[in-house]
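Structure first, commentary second.
Number of protein chains: 2
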Amino acid sequence: MQLEQVLKQLKEKGHKLTPQRQSILKILMMSKVPMTALEVRQKVQKSHPRVSLNTVYLNLLMLTQMGLVIQTHLQNRTASRFEYQAEGSHHHHAICLSCGKSICLDHVPEPKAGKPEEDPGFQILGHTLEFYGYCSSCKKAS
Amino acid sequence: MQLEQVLKQLKEKGHKLTPQRQSILKILMMSKVPMTALEVRQKVQKSHPRVSLNTVYLNLLMLTQMGLVIQTHLQNRTASRFEYQAEGSHHHHAICLSCGKSICLDHVPEPKAGKPEEDPGFQILGHTLEFYGYCSSCKKAS
DNA sequence: CCTATAATTAGTAAAATTATCATTTGAACT
DNA sequence: AGTTCAAATGATAATTTTACTAATTATAGG
Numbered sequence: 005m006q007l008e009q010v011l012k013q014l015k016e017k018g019h020k021l022t023p024q025r026q027s028i029l030k031i032l033m034m035s036k037v038p039m040t041a042l043e044v045r046q047k048v049q050k051s052h053p054r055v056s057l058n059t060v061y062l063n064l065l066m067l068t069q070m071g072l073v074i075q076t077h078l079q080n081r082t083a084s085r086f087e088y089q090a091e092g093s094h095h096h097h098a099i100c101l102s103c104g105k106s107i108c109l110d111h112v113p114e115p116k117a118g119k120p121e122e123d124p125g126f127q128i129l130g131h132t133l134e135f136y137g138y139c140s141s142c143k144k145a146s
Numbered sequence: 005m006q007l008e009q010v011l012k013q014l015k016e017k018g019h020k021l022t023p024q025r026q027s028i029l030k031i032l033m034m035s036k037v038p039m040t041a042l043e044v045r046q047k048v049q050k051s052h053p054r055v056s057l058n059t060v061y062l063n064l065l066m067l068t069q070m071g072l073v074i075q076t077h078l079q080n081r082t083a084s085r086f087e088y089q090a091e092g093s094h095h096h097h098a099i100c101l102s103c104g105k106s107i108c109l110d111h112v113p114e115p116k117a118g119k120p121e122e123d124p125g126f127q128i129l130g131h132t133l134e135f136y137g138y139c140s141s142c143k144k145a146s
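Chains X and Y, in that order, are what the protein sequence lines are.
For reference, each letter of the first sequence is one residue, going 5 to 146 in the numbering used here.
For reference, each letter of the second sequence is one residue, going 5 to 146 in the numbering used here.
In structure tokens:
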């Protein structure tokens with residue numbers, strides 16, 4: 005999806021197109037690797053030196069809730085990473101419990117048996133599958 | 005799996021069976037709902053008043069890496085929760101982006117279309133699937 | 001039973017993430 | 001252009017999680 009379309013989509017949902025927000029979005033859309041909140045902030049600071057980390061987190065949350073960004077948790081290791089999710093580019097992750105490395109998977113391997121092609125030696129121990137959205141009571145409220 | 009068997013399994017992997025660790029494990033195995041680290045600590049403190057939160061986190065991490073515990077992240081909301089994963093009881097979660105409620109799923113719904121039976125009104129917006137284990141280089145090192 | 005060793009613990013500090021709130025600002029409407 | 005209002009920002013504090021280290025302890029072996 006192009007930037008213009010995404011901005012339009014945000015506006016339709018009642019979100020304001022602040023300069024900081026647009027900068028964050030552009031940075032995520034252009035990055036080829038998932039980024040931490042701190043990395044995003046450092047890039048944003050080039051054009052908006054006073055941007056707060058809080059603003060970055062709030063925008064990452066909003067974009068996640070819009071389904072435009074995916075957050076990957078590194079299974080109890082350091083900072084989580086955020087990644088723009090272009091339409092049709094949905095994919096999953098294999099995360100090393102030892103070094104925290106996150107490997108993008110184009111295909112879903114057989115749980116507990118598969119070997120991701122990106123790292124054929126990867127030993128899968130388990131997996132988590134989390135769906136997110138809105139429960140019935142929250143949907144009513146909004 | 006029974007407590008005794010789990011303890012045996014830990015021992016085989018070279019882990020020591022400290023009283024704190026056994027307490028944490030028992031609490032997780034008996035709990036019917038996923039617990040936060042703080043909640044676990046509060047229960048442990050009844051028998052070990054001086055237990056540190058750090059110890060709780062370290063044990064939760066170790067148990068996660070053993071595949072005995074599942075950590076659910078509440079998509080950017082407050083504390084994550086930990087749940088003992090009995091053999092054959094593997095299941096997934098639906099998490100509300102608004103209130104953070106976590107619903108356990110016995111079956112995997114159709115992504116972006118399904119309605120979990122536990123909350124037929126739940127609106128699924130997206131999902132994350134993360135495999136964890138050990139990458140080839142870390143496997144060699146150990 | 002005693003010793004040696006590595007794992008674990010508790011304490012502390014640091015880092016990551018979320019909450020709160022006063023102020024600012026984009027957007028819609030005059 | 002001016003006004004209004006809700007959303008967003010930045011500052012700060014609080015909470016959650018991780019990192020580091022010295023002291024303790026479970027366990028294996030003598």
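Ideal placement from N, C-alpha and C gives every residue a C-beta, glycine not left out.
This structure is a prediction, so every number in the text was calculated from the model and none was measured.
With respect to the beta strand (DSSP E) encompassing V73/X, which residues constitute its N-terminal and C-terminal limits? Position 69 of the first sequence, counted from the first residue, corresponds to residue 73/X. Its beta strand (DSSP E) spans residues 73-76.
Counting only C-beta atoms, is T132/X closer than 7 Å to chain Y at any point? The residue given as residue 132/X occupies position 128 in the first sequence. At least one chain Y Cβ lies under 7 Å of T132/X.
Alpha carbon to alpha carbon, what distance is there between K36/X and L62/Y? Residue mapping note: residue 62/Y aligns to position 58 of the second sequence, counting from 1. Residue mapping note: residue 36/X aligns to position 32 of the first sequence, counting from 1. The straight-line gap from Cα to Cα measures roughly 33 Å.
Contact with chain X by A90/Y, beta-carbon distance below 7 Å: Counted from its first residue, the second sequence places residue 90/Y at position 86. No, A90/Y does not count as interfacial toward chain X.
Report the three-state DSSP secondary structure of Q9/Y (helix, strand or coil). Counting from one through the second sequence, the residue named residue 9/Y turns up at place 5. Under the three-state reduction of DSSP output, Q9/Y falls in the helix class.
Minimum Cβ-Cβ distance from E98/Y to chain X less than 7 Å: In the second sequence, the residue the question calls residue 98/Y occupies position 94. Before going on, a small fix: residue 98/Y reads as Ala here, not Glu. Closer than 7 Å to some Cβ of chain X, the Cβ of A98/Y qualifies, so yes.
Rounded to whole angstroms, what's the CA-CA distance from M34/X to T82/Y? Just pull it up for me. In the first sequence, counting from the first residue as 1, residue 34/X sits at position 30. In the second sequence, counting from the first residue as 1, residue 82/Y sits at position 78. Using only the alpha carbons, I get a separation of about 29 Å.
Using CA coordinates, which residue listed in V55/X, H97/X, M66/X is at the minimum distance from K17/X? Numbered from 1 along the first sequence, position 13 holds the residue referred to as residue 17/X. Per the Cα distances, M66/X.
Output yes if chain Y places a C-beta closer than 7 Å to the C-beta of H95/X; else output no. Along the first sequence, one-based indexing puts residue 95/X at 91. Chain Y contact via Cβ: absent.
Flag this pair as yes or no: are the beta carbons of V55/X and Q46/X separated by less than 7 Å? Along the first sequence, one-based indexing puts residue 55/X at 51. Along the first sequence, one-based indexing puts residue 46/X at 42. Taking a C-beta distance under 7 Å as the contact criterion, V55/X and Q46/X do not qualify as a contact pair.
Taking 7 Å as the CB-CB cut-off, is S140/X touching chain Y? Within the first sequence, numbered from 1, the residue matching residue 140/X stands at position 136. With a threshold of 7 Å between beta carbons, S140/X makes contact with chain Y.
If you measure between the beta carbons of F126/X and A90/X, is that distance less than 7 Å? In the first sequence, residue 126/X corresponds to position 122, counting from 1. In the first sequence, residue 90/X corresponds to position 86, counting from 1. Using a Cβ distance threshold of 7 Å, F126/X and A90/X do not count as a contacting pair.
Can you confirm whether Q49/Y, when its beta carbon is compared against all beta carbons of chain X, has any partner nearer than 7 Å? Here residue 49/Y refers to the residue found at position 45 when the second sequence is read from its first residue. So, not an interface residue.
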